[in-house]
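Working notes, beginning with the structure itself.
Protein chains: 2
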Amino acid sequence: MELTLKTPKEIGDMLKARGVKPSVIRIKVMQYLLENRVHPNADSIYKVLLKDIPTLSKTSIYNTLKTLSSKGMILEVMTGAGEIRFDGYPARHGHFLCVECGKIMDVNLECTACKIPDLNGCKVTEQSIYLKGICAECGSGDKKNGKKSGKSKQGA
Amino acid sequence: MELTLKTPKEIGDMLKARGVKPSVIRIKVMQYLLENRVHPNADSIYKVLLKDIPTLSKTSIYNTLKTLSSKGMILEVMTGAGEIRFDGYPARHGHFLCVECGKIMDVNLECTACKIPDLNGCKVTEQSIYLKGICAECGSGDKKNGKKSGKSKQGA
DNA sequence: TATAATATTGTAATCATTACAAAATTGATA
DNA sequence: TATCAATTTTGTAATGATTACAATATTATA
Ligand SMILES: [Mn+2]
Ligand SMILES: [Mn+2]
Ligand SMILES: [Zn+2]
Ligand SMILES: [Zn+2]
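For the record, the sequence lines run as chains A and B.
Mapped onto our numbering, the consecutive letters of the first sequence carry residue numbers 1438 to 1593.
Mapped onto our numbering, the consecutive letters of the second sequence carry residue numbers 1438 to 1593.
Structure follows, in structure tokens:
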């Protein structure tokens, strides 16, 4: 919703504010995740940014993503399908994964009443809610996307 | 809590009730998951059952786990660490993952007030809650387990 | 027993991620 | 500006969980 199209300089300041030295790659990755809320995986981020940075290596993408997530600037979203997806908005929200097309959608859930009992001694630093099912496109038979292919998983 | 030590025959009946033909391996895997609520990964299940079934292959473990989870008899628990853990109790509950020792603990959370809005058209078939943090043992300095090794992750 | 269906095994592939060391870049300093 | 150390980026090789697949074994049934 709050997509205000930040400039590279502004993103650099965001990085500095978190103690991350702004580099071209870091700014581009952060910018991409801010402007594309599709929860992409590392490979699809790599493929997109490769057009801008022809010398880009996939290791740099992994390094950058780990740096950003360790500083709490992005979220790692699990899929259970052997890949991690990334999210430029670390604010508390849940995720719905379509098991048909692999799409991940944000879910605004008000779970204020979630009482977490008997965690004797455990320090909770993170809490996330995952939903799974069939998205609207895949559910309603004939659409151009997803459909009945079954193998049309997307990583972006 | 409800650990009633089912016999192999009883477990076989559980399998049949779900349309799964009971085989030695399937019964052993199901029994192990029922009696050991530690959320093991495929490899540690394999290592344990190998003592009973010397001809066991890891592929059979994966086959069995996929069969059981597709029939809703067990749960796949994500860790985000490139491995899946398994749970013999598919009843609704959450999971706490200790990022230090890798232990996964059950969490009984009453999330009845979880309102899931604006899922326009999405059919939700599964809902899970994940917590992350430091467990009691790892948190309180000097214990025999986990501690400050940092590399002491366990898959079982 | 013969036969078909299913389960199990072994091996090779897949694929995301990580390890690691070399090369490039940056930023501060003399 | 030249130097130099710190950091970033790159390329390649490993890792490790999972899957594909075909051969073999088991089971149930006729
Ligand atoms: Mn999100
Ligand atoms: Mn559990
Ligand atoms: Zn879909
Ligand atoms: Zn722990």
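Glycine included, each C-beta is placed from N, C-alpha and C at the ideal position.
message: I need the residues with a C-beta less than 5 Å from some heavy atom of ligand 1; please give them in chain order.
response: Counting only beta-carbon distances shorter than 5 Å to the non-hydrogen atoms of ligand 1, the qualifying residues in chain order are Asp-1524(A) and Asp-1543(A).
query: For chain A, is any of its Cβ atoms less than 8 Å away from the one on Asn-1478(B)?
result: Working through the second sequence from its first residue, we reach residue 1478(B) at position 41. False, the Cβ-Cβ gap to chain A never drops below 8 Å.
task: Compute the Euclidean distance between the alpha carbons of Ile-1498(A) and Met-1515(A), then round it to the nearest angstrom.
output: Translated into positions along the first sequence, residue 1498(A) becomes position 61. Translated into positions along the first sequence, residue 1515(A) becomes position 78. In a straight line, the C-alpha of Ile-1498(A) is about 18 Å away from that of Met-1515(A).
- prompt: Comparing alpha-carbon positions, which option in Lys-1540(B), Tyr-1469(B), Gly-1517(B) and Glu-1563(B) lies nearest Gly-1525(B)?
  reply: Working through the second sequence from its first residue, we reach residue 1525(B) at position 88. Of the listed residues, the one whose Cα sits closest to Gly-1525(B) is Tyr-1469(B).
Residue from Met-1467(B), Lys-1495(B) and Leu-1440(B) whose Cα sits closest to the Cα of Ala-1479(B): In the second sequence, counting from the first residue as 1, residue 1479(B) sits at position 42. Residue Lys-1495(B) is the option with its Cα nearest to Ala-1479(B).
task: Under 6 Å Cβ to Cβ from Leu-1493(B), same chain only, skipping five residues before and after it: list those, please.
output: To locate residue 1493(B), count along the second sequence from 1; it is residue 56. The residues are Leu-1486 and Leu-1487.
- prompt: In or out: Gly-1583(A) buried (at least 16 other Cβ within 10 Å) or exposed?
  reply: Stepping through the first sequence from its first residue, residue 1583(A) is reached at position 146. Its pLDDT being 41, under 50, Gly-1583(A) is placed unreliably by the model, and the measurement read from it follows with that caveat. Looking at its Cβ environment, which holds 16 or more other Cβ atoms inside 10 Å, Gly-1583(A) is buried.
- prompt: Starting from Val-1514(B) and walking both ways along the beta strand (DSSP E), at which residues does that stretch end?
  reply: By 1-based counting over the second sequence, the position of residue 1514(B) is 77. Segment 1512-1515, the beta strand (DSSP E) holding Val-1514(B).
field: Local Cβ density within 10 Å of Lys-1465(B), reported as buried at 16 or more and exposed below that
entry: Looking up residue 1465(B) in the second sequence gives position 28. Result: buried.
Residue range of the unbroken beta strand (DSSP E) whose run includes Leu-1675(B): Residue 1675(B) lies beyond the stretch modelled for chain B, which goes from 1438 to 1593, so this question has no answer here.
- request: Quick one: which residues of the stretch 1523-1537 of chain B get their C-beta closer than 7 Å to a C-beta of chain A? List them in chain order.
  value: Residues Phe-1533.
- prompt: Any heavy atom of ligand 4 closer than 7 Å to the Cβ of Leu-1569(B)?
  reply: Along the second sequence, read from residue 1 onward, the residue named residue 1569(B) stands at position 132. According to the sequence shown, residue 1569(B) is Lys rather than Leu. In this structure, ligand 4 has no non-hydrogen atom nearer than 7 Å to the beta-carbon of Lys-1569(B).
query: Is Glu-1574(A) near ligand 3, judged by its Cβ being under 7 Å from some heavy atom?
result: The residue given as residue 1574(A) occupies position 137 in the first sequence. Yes, the beta carbon of Glu-1574(A) sits closer than 7 Å to at least one heavy atom of ligand 3.
query: For the stretch 1443-1475 of chain A, which residues have a CB atom closer than 8 Å to at least one CB atom of chain B, in sequence order?
result: Cβ contacts with chain B come from no residue of the stretch 1443-1475 of chain A.
task: Identify the contact partners of Thr-1501(B) in chain A, using a Cβ-Cβ distance below 7 Å as the criterion.
output: Here residue 1501(B) corresponds to residue number 64 of the second sequence, with the count starting at 1. None at all; the shortest Cβ gap to chain A is about 18 Å.
- request: From the DSSP output, read off the bridge partner residues of His-1532(B).
  value: For the purposes of this step, residue 1532(B) is taken as the residue at position 95 of the second sequence. Asp-1543(B) and Tyr-1567(B).
- request: Would you decide whether Val-1457(A) is buried or exposed? Buried here means 16 or more other CB atoms lie within 10 Å of its CB.
  value: Against the first sequence, residue 1457(A) aligns to sequence position 20. With 16 or more neighbouring CB atoms inside 10 Å of its own CB, Val-1457(A) falls in the buried class.
message: I'd like to check one pair, Arg-1455(A) with Thr-1501(A): are the Cβ atoms closer than 8 Å?
response: Your numbering for residue 1501(A) matches position 64 in the first sequence. Your numbering for residue 1455(A) matches position 18 in the first sequence. Taking C-beta atoms as the reference points, Thr-1501(A) and Arg-1455(A) fail to come closer than 8 Å.
message: Given a cut-off of 8 Å on the beta-carbon distance, is the pair His-1476(A) and Phe-1533(A) in contact?
response: Working through the first sequence from its first residue, we reach residue 1476(A) at position 39. Working through the first sequence from its first residue, we reach residue 1533(A) at position 96. For His-1476(A) and Phe-1533(A), no; Cβs fall outside 8 Å.
message: Short of 7 Å Cβ to Cβ, which residues in the stretch 1493-1518 of chain B face chain A?
response: Cβ proximity to chain A below 7 Å picks out Glu-1513, Met-1515 and Gly-1517 from the stretch 1493-1518 of chain B.
field: Closer than 7 Å: Glu-1563(A) CB and nearest ligand 4 heavy atom
entry: Position 126 of the first sequence, counted from the first residue, corresponds to residue 1563(A). Outside the cutoff, so no.
- prompt: To which residues does DSSP link Ile-1490(B) through a beta bridge?
  reply: Locating residue 1490(B) in the second sequence gives position 53, counting from the first residue. DSSP output for Ile-1490(B) lists no bridge partner at all.
task: Return no unless some Cβ of chain B is closer than 8 Å to the Cβ of Gly-1576(A).
output: Numbered from 1 along the first sequence, position 139 holds the residue referred to as residue 1576(A). Taking 8 Å as the threshold, the shortest C-beta distance from Gly-1576(A) to chain B falls below it.
query: How many Å lie between Arg-1529(A) and Ser-1565(A) at the Cα?
result: Translated into positions along the first sequence, residue 1529(A) becomes position 92. Translated into positions along the first sequence, residue 1565(A) becomes position 128. C-alpha separation (whole angstroms): 8 Å.
- prompt: How long is the line joining the alpha carbons of Leu-1546(B) and Gly-1531(B), rounded to whole angstroms?
  reply: Taking the first residue of the second sequence as 1, we reach residue 1546(B) at position 109. Taking the first residue of the second sequence as 1, we reach residue 1531(B) at position 94. Taking the straight line from one Cα to the other gives about 7 Å.
- request: Measure the alpha-carbon distance for Val-1561(A) versus Leu-1568(B) and round it to whole angstroms.
  value: If you number the first sequence from 1, residue 1561(A) lands on position 124. If you number the second sequence from 1, residue 1568(B) lands on position 131. Their Cα atoms are separated by approximately 6 Å.
message: Contact criterion: CB-CB distance below 8 Å. Does Lys-1588(A) meet it with respect to chain B?
response: On the first sequence, residue 1588(A) is found 151 positions in, with the first residue counted as 1. Reliability of the predicted coordinates at Lys-1588(A) is poor, the pLDDT of 34 falling under 50, and no value is obtained from them.
DSSP state of Lys-1560(A) mapped onto helix, strand, coil: Residue numbering aside, residue 1560(A) sits at position 123 when the first sequence is read from its first letter. DSSP places Lys-1560(A) in strand when its eight states are reduced to three.
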